[in-house]
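>
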Amino acid sequence: MQQVSLYALNDSQLGNYQQARMSRDQRFDGLFFVGVKTTGIFCRPVCKARMPLEKNVQYLRSAAHAIESGFRPCLLCRPDSAPYSCAWQGVNTTVERAITIITEQLDISIESVAQRLGISTRYLAKLFEQHLQISPKRFQLTQRILFAKQLLHETTLSIESVAQSAGFGSSKRLQYHMQQHIALSPSQVRKTKTHYPLKRSQHISLFLRYRPPYDWPAIRDFFALRQLHGNEIIDERSITKCMMINQYKVVFVAKHSANKCGFDVVLDLEDVRAIKPAMSHIRKLLDLDADPIAIASALASTGLPKALIKEGIRLPGIIDKFEGACRAVVGQQVSVKAAIGQLNLLNFMLNKRLDKESVQSKRAHNPALASDSAVEFASLQPFLRPNDVANADVSFLKMPNARKQSLSALATLLGNNPQATEEDWLAVKGIGPWTVNYVKLRHATLPDVFLHTDLIIKQQIKKLANDNIDIHSALAAPYRSYLTLNLWNNS
DNA sequence: GAATTCCCCTG
DNA sequence: CAGGTGATATTG
Numbered sequence: 055m056q057q058v059s060l061y062a063l064n065d066s067q068l069g070n071y072q073q074a075r076m077s078r079d080q081r082f083d084g085l086f087f088v089g090v091k092t093t094g095i096f097c098r099p100v101c102k103a104r105m106p107l108e109k110n111v112q113y114l115r116s117a118a119h120a121i122e123s124g125f126r127p128c129l130l131c132r133p134d135s136a137p138y139s140c141a142w143q144g145v146n147t148t149v150e151r152a153i154t155i156i157t158e159q160l161d162i163s164i165e166s167v168a169q170r171l172g173i174s175t176r177y178l179a180k181l182f183e184q185h186l187q188i189s190p191k192r193f194q195l196t197q198r199i200l201f202a203k204q205l206l207h208e209t210t211l212s213i214e215s216v217a218q219s220a221g222f223g224s225s226k227r228l229q230y231h232m233q234q235h236i237a238l239s240p241s242q243v244r245k246t247k248t249h250y251p252l253k254r255s256q257h258i259s260l261f262l263r264y265r266p267p268y269d270w271p272a273i274r275d276f277f278a279l280r281q282l283h284g285n286e287i288i289d290e291r292s293i294t295k296c297m298m299i300n301q302y303k304v305v306f307v308a309k310h311s312a313n314k315c316g317f318d319v320v321l322d323l324e325d326v327r328a329i330k331p332a333m334s335h336i337r338k339l340l341d342l343d344a345d346p347i348a349i350a351s352a353l354a355s356t357g358l359p360k361a362l363i364k365e366g367i368r369l370p371g372i373i374d375k376f377e378g379a380c381r382a383v384v385g386q387q388v389s390v391k392a393a394i395g396q397l398n399l400l401n402f403m404l405n406k407r408l409d410k411e412s413v414q415s416k417r418a419h420n421p422a423l424a425s426d427s428a429v430e431f432a433s434l435q436p437f438l439r440p441n442d443v444a445n446a447d448v449s450f451l452k453m454p455n456a457r458k459q460s461l462s463a464l465a466t467l468l469g470n471n472p473q474a475t476e477e478d479w480l481a482v483k484g485i486g487p488w489t490v491n492y493v494k495l496r497h498a499t500l501p502d503v504f505l506h507t508d509l510i511i512k513q514q515i516k517k518l519a520n521d522n523i524d525i526h527s528a529l530a531a532p533y534r535s536y537l538t539l540n541l542w543n544n545s
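So for the first sequence, our numbering puts the first residue at 55; every next one is plus one.
1) Just reading off the beta strand (DSSP E) that Gln184 is part of, what are its end residues?
2) Quick one: is Leu400 buried, meaning 16 or more other Cβ sit within 10 Å of its Cβ, or exposed?
3) Excluding five sequence neighbours on each side, which residues of the same chain lie with their C-beta closer than 7 Å to the C-beta of Leu362?
4) Any chance the region 358-372 sits against the region 460-468, with 3 or more Cβ pairs inside 8 Å?
5) Could you give the first and the last residue of the continuous alpha helix (DSSP H) run that contains Gln435?
6) Any idea if Val390 is buried or exposed, counting beta-carbon neighbours within 10 angstroms, 16 or more meaning buried?
7) From Pro472 to Cys101, what does the alpha carbon distance come to, in whole angstroms?
8) Does DSSP put Leu130 in a helix, a strand or coil?
9) Buried or exposed: where does Gly378 fall if 16 or more other Cβ atoms within 10 Å of its Cβ makes it buried?
10) If you draw a straight line from the C-alpha of Asn300 to the C-alpha of Gln159, how long is it?
11) Residues in its own chain within less than 7 Å of Asn420 by CB, not counting five upstream and five downstream?
12) Does Gly316 pass the burial test, meaning 16 or more other C-beta atoms within 10 Å, or should it be called exposed?
13) Start and end of the alpha helix (DSSP H) containing Gln473?
14) Kindly indicate which residue of Arg104, Phe86, Asp83, Leu85 has the alpha-carbon position closest to the one of Thr93.
15) Per DSSP, which residues does Ile273 bridge with? Please list them.
16) Give me whichever residues DSSP pairs with Met298 in a beta bridge.
17) With Ser116 and Ser135 assumed to form a contact (beta carbons below 8 Å), what rounded beta-carbon distance in angstroms separates them?
18) Please name the residue, chosen from Asn313, Arg337, Pro346, His231, that lies closest to His497 on a Cα-to-Cα basis.
19) Less than 7 Å between C-beta atoms, sequence neighbours within five positions excluded: which residues of the same chain meet that for Thr175?
20) Quick one: what's got a C-beta closer than 7 Å to Gly221's C-beta in the same chain, skipping five residues either side?
21) Consult DSSP for Ala332 and reduce its assignment to one of helix, strand or coil.
22) Can you tell me whether Ile98 is helix, strand or coil according to DSSP?
23) Which runs of the beta strand (DSSP E) spanning at least 3 residues fall entirely within the region 314-371, listed in chain order?
24) Could you tell me the distance, in whole angstroms, from the CA atom of Gln387 to the CA atom of Leu509?
25) Identify, in the order they occur along the chain, each residue of the same chain with its Cβ nearer than 7 Å to the Cβ of Ala332, setting aside the five sequence neighbours on each side.
26) What three-state label does DSSP hand Arg263 in the structure shown?
27) Locate the alpha helix (DSSP H) running through Val90, then write down its first and last residues.
28) Which partner residues does Ile287 have in the DSSP bridge list?
29) Hey, quick one: how far does the beta strand (DSSP E) through Leu114 stretch, first residue to last?
30) At a cut of 8 Å, does the region 392-407 reach the region 283-299 through at least three beta carbon pairs?
31) Start and end of the alpha helix (DSSP H) containing Ala312?
32) Just curious, the alpha helix (DSSP H) that Phe402 is in, first and last residue?
33) Could you compute how far the alpha carbon of Glu183 sits from the alpha carbon of Ala120?
34) Got a sec? Which residues, its chain only, sit under 6 Å from Gly366 by beta carbon, not counting five neighbours each side?
35) Keeping to the same chain, check which residues put their C-beta closer than 7 Å to that of Ile485; ignore five residues upstream and five downstream.
36) State yes or no: is the C-beta of Gln435 within less than 7 Å of the C-beta of Leu397?
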């Protein structure tokens, strides 16, 4: 432990890290970690424990690197509960995609990851070594351990279930690897006090953090204006939504907590192996891993006046690809209000699982109904599947016939091939770059999509130009999606 | 207020 | 490196 680890950071940003650590600045939470050489423990930069001396710390890029260097996670600040880092964003897209797959599906084999990326395991390992100085297998193991640790802290799940949820074959394997890598046993972790009361319930509750600032009203209102009845409920402090994760129906409630900088999430699901994918999807939906400092400076560099830049802006995600596709097509050239009206009509007419009476009475009664436990878990249903639309008559929709045909054709494409490429999408008549990019921004939540052909965007740019303000959108790279959203929100 | 947790110091 | 000390926040 005495020697400086291979994985320590030693770049020009060191001064910034030092400052962030000293001030316990929440905006840097999860972007790096602090290893304390004297104790062999690593912390989040916001840890409230006594401040270690500078000579005893080393800065680490990620929790994975810290564990790999032989540090164990702090039991006070719990590095497993930090927002995820995007430090490796933009470094290498293949590595990035691999990381996404591994963190969403903790039980996947590295062989299948390579297969899904269309490369050999040998090459995948080489890329990981090159960009992260860690092998894919070790990276996956650290993610499993950290997630298991989080579940042990925050839930009442049995150790066996925790092992399953984290991709370990058995509690024995979990026990072995935890002891080996973080010098803690599962029962030791379970014994430690959590910061959150453990409510006895058959539901699973977790706390998902973000780096402040977070403009909750903006993202909440964005979702509320586009609310899909029978599938999601948005109220003042929370969002409730139903989704599918590999055959399994999952309903969650995410309640914003501004003072704790995160969301209290309650999950209702049929299989514990869906917990991690559900959590990743919620993080995407609410854009919890964004780096607001980098985004704000990117926006400022475009020439957009400070008064018009919304602090803590986030990309409102769409979890389901087909839902994203439908929202995009239905939203072509029309107002948000008109689009969501047609989307609700589509879902209402074709979704066999939907209890139509309850949807209707809710709409008539109060569109912003407060989310109320068990009732919602039963009544909310996932959005339509592609085949529900592909094989249906959609003439009841109020939109140009050409657009209805595009919708059917896209549904057929996705029904036959969920992994259809961008080229496949563009080959569908009526699907152009705007639609594809809209889905990239909202579903894939790519951070660097600028919808320069969007009507509202063009309007906003023109309006600013009239006030002698020129926006250089290219300068917002690699965060142009946030520029798009900022301009939408200004309208 | 007790217990937990961390970090530094000492021998 | 084990064990003691003070510092600090959190929780029941």
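Idealized CB from N, CA, C, for every residue including glycine. Predicted model only: the values in this text are computed from it and were never measured.
According to the structure data:
1) First-last for Gln184: 175-186, but that is the alpha helix (DSSP H), not the beta strand (DSSP E).
2) buried
3) Asn544
4) no
5) Run containing Gln435: none; DSSP gives neither H nor E here.
6) exposed
7) 43 Å
8) coil
9) buried
10) 11 Å
11) Residue placement at Asn420 is flagged as unreliable, the pLDDT there being 46, under the threshold of 50; a coordinate-derived value is accordingly withheld.
12) buried
13) Taken as a continuous stretch (DSSP letters only), Gln473 belongs to no alpha helix (DSSP H), as it is neither H nor E.
14) Arg104
15) Its beta-bridge partners do not exist; DSSP assigns none.
16) Lys303
17) Actually they do not touch by this definition, with Cβ atoms about 14 Å apart.
18) Arg337
19) Ile164, Glu165, Ala168
20) Leu160, Asp161, Arg198
21) helix
22) The amino acid occupying residue 98 in the given sequence is Arg; Ile does not appear at that position. DSSP places Arg98 in coil when its eight states are reduced to three.
23) 316-323
24) 7 Å
25) Ile299, Val304, Phe306, Leu321, Leu323
26) strand
27) Careful: Val90 lies outside any alpha helix (DSSP H), inside the beta strand (DSSP E) at 87-90.
28) Thr294
29) 111-114
30) yes
31) First-last for Ala312: undefined, no H or E at that position.
32) 390-404
33) 16 Å
34) Pro267, Tyr268, Asp269, Pro346
35) Ser460, Leu464, Trp479
36) no
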